[in-house]
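Residue numbers 17 to 149, in my numbering, belong to the letters of the sequence shown in order.
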Amino acid sequence: MLAPEIRAIDQNHAVATWDRVLLQIWRGEATPRSVQELGEIGKALLAAHAGYACCSLSIIEAKSPPPNEHVRPLLSTVYRELATGMRHQLFVAEGSGFRAAIVRGVGLAVSAIAPALLPFKFASSAEEAAATI
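This is how it looks when you write it as structure tokens:
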């Protein structure tokens, strides 16, 4: 089995690809630059697997703050653009149940800004998300 290929990494996030899966770990503040990188990496993944459905898995660590009002529309645009080639766009919120509710609320706000062709799904764990993928 091939290991994921790390495409971008810094103190706040990591983006990797593995087979037809776009993996994201958000551990700090999302920035316009990190969202731009995500979009570029996602588009490259879809182009490399043209004609095949891919999946997106975002893991939001417990200490990661919600994206600010400047970043939310950028995330909406990226996820909307990638939706056409995705089978699933999954999110896993680490931390308490309250934390998961915050992440779901932000996810709903992001999807409401620019409705995607593919609705976000929320998983309670990475294992549940992996089973969906």
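Note that the Cβ used here is the ideal one computed from N, Cα and C, for glycine as well.
With a threshold of 6 Å on Cβ separation, who are the neighbours of residue i within its own chain once the five nearest residues in sequence on each side are excluded?
i: residue 24; result: 31, 53
i: residue 139; result: 106, 108, 145
i: residue 50; result: 29
Quick one: what does DSSP say residue i is sitting in, helix, strand or coil?
i: residue 36; result: coil
i: residue 31; result: strand
i: residue 43; result: coil
i: residue 21; result: strand
i: residue 114; result: helix
i: residue 109; result: strand
i: residue 78; result: coil
Are the beta-carbon atoms belonging to residue i and residue j less than 8 Å from one another?
i: residue 120; j: residue 77; result: no
i: residue 94; j: residue 58; result: yes
i: residue 40; j: residue 73; result: yes
Which value, in whole angstroms, describes the spacing of the CA atoms of residue i and residue j?
i: residue 55; j: residue 63; result: 12 Å
i: residue 75; j: residue 89; result: 19 Å
i: residue 103; j: residue 66; result: 13 Å
i: residue 112; j: residue 69; result: 32 Å
i: residue 141; j: residue 118; result: 16 Å
i: residue 36; j: residue 19; result: 12 Å
i: residue 114; j: residue 147; result: 24 Å
Leaving out the 5 sequence neighbours to the left and right, which residues in its chain are closer than 8 Å to residue i when beta-carbon positions are compared?
i: residue 21; result: 32, 33, 34
i: residue 81; result: 44, 45
i: residue 97; result: 55, 58, 59
Which one of the options has the shortest CA to CA distance from residue i?
i: residue 85; options: 149, 68, 26, 122; result: 122
i: residue 149; options: 18, 26, 38; result: 38
i: residue 26; options: 116, 114, 47; result: 47
i: residue 135; options: 71, 110, 116; result: 71
Here's a check: name, in chain order, each residue in its chain whose Cβ is nearer than 7 Å to the Cβ of residue i, leaving out the five neighbours to either side.
i: residue 116; result: 109
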